[in-house]
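Chemist: If you scroll down you'll find the structure; I have some questions about it.
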Amino acid sequence: MSIIDRKGKLFGKLNIIDLIAIVLIVAVIALVGYKLVSSGGGSSTGQKVVYTVKVRGVEGEVYESVKAQLPSQLMAAEQLLDAYVTDVQATPVTEGTYTIKENADTGLTTLSHAYPGTYDLVFTIEGTVKDDLTSELGTQEIRVGKTHIVKTTTFELENGIILTCDRGGSADGTTPAGDGQ
-1 MSIIDRKGKL FGKLNIIDLI AIVLIVAVIA LVGYKLVSSG GGSSTGQKVV YTVKVRGVEG
59 EVYESVKAQL PSQLMAAEQL LDAYVTDVQA TPVTEGTYTI KENADTGLTT LSHAYPGTYD
119 LVFTIEGTVK DDLTSELGTQ EIRVGKTHIV KTTTFELENG IILTCDRGGS ADGTTPAGDG
179 Q
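Quick note: the sequence shown uses this note's numbering, first residue -1, plus one each step.
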């Protein structure tokens, strides 16, 4: 009995073209599985991050509503993130205070008067950054001095500024090697 018979079938049962197709399908499945595992699909847990964001000139009613809804889960691009607003502190705005607002769409920066009766809010946010290099949480980079939108499932405040950023260990409890932050 030969390996390939007169009809071109392997061991008399399987066509060579079918065999090639099966081998290609198995190779594609193996490659996709490898890419998922190596890109962090199941092996990387990320790094814990706690940061504060200051938003200026918020109305008192908005502050009271935000405070009543904490903790609140962050979201971006219509997806929930592994991060929560855990606290908010308010400081009343005094006479003669101004705020700087940047419009990311137009690139324009405007200076506006912050009115007495409004508050400067400082949010404490705790979450997990999946990629330590880009420091992104959802669609925003977490770096001191960057503008930040505080967007949760129940409220959204723009033109915040990241004041502090503390990176702890990895989300599984270990400390990354060489982490000097």
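All residues carry an ideal CB built from backbone N, CA and C; glycine is no exception.
Taking the alpha-carbon positions, what's the D16 to Y32 distance?
Modeler: Numbered from 1 along the sequence shown, position 18 holds the residue referred to as residue 16. Numbered from 1 along the sequence shown, position 34 holds the residue referred to as residue 32. One C-alpha to the other measures close to 24 Å.
Chemist: Going residue by residue through the stretch 15 to 77, where are the continuous alpha helix (DSSP H) segments of at least 4 residues, counting only ones entirely within it?
Modeler: Counting whole runs of 4 or more residues, the stretch 15 to 77 contains the alpha helix (DSSP H) stretches 58 to 66.
Chemist: Let me know the secondary structure DSSP gives T108 once reduced to three states.
Modeler: The sequence position of residue 108 within the sequence shown is 110, counting from 1. In the structure shown, T108 sits in a strand (DSSP, three-state: E or B).
Chemist: Assess, as a yes-or-no matter, whether the stretch 104 to 123 is touched by the stretch 53 to 71 under the definition of 3 or more beta carbon pairs within less than 8 Å.
Modeler: Yes, since at least three Cβ pairs between the stretch 53 to 71 and the stretch 104 to 123 fall closer than 8 Å, the two stretches touch.
Chemist: Whole angstroms is fine: what's the gap from K149's alpha carbon to L109's?
Modeler: The residue labelled residue 149 in the question sits at position 151 within the sequence shown. The residue labelled residue 109 in the question sits at position 111 within the sequence shown. Cα to Cα, K149 sits roughly 23 Å from L109.
Chemist: From the DSSP output, which residues share a beta bridge with F153?
Modeler: In the sequence shown, counting from the first residue as 1, residue 153 sits at position 155. Answer is none; F153 lacks a bridge partner.
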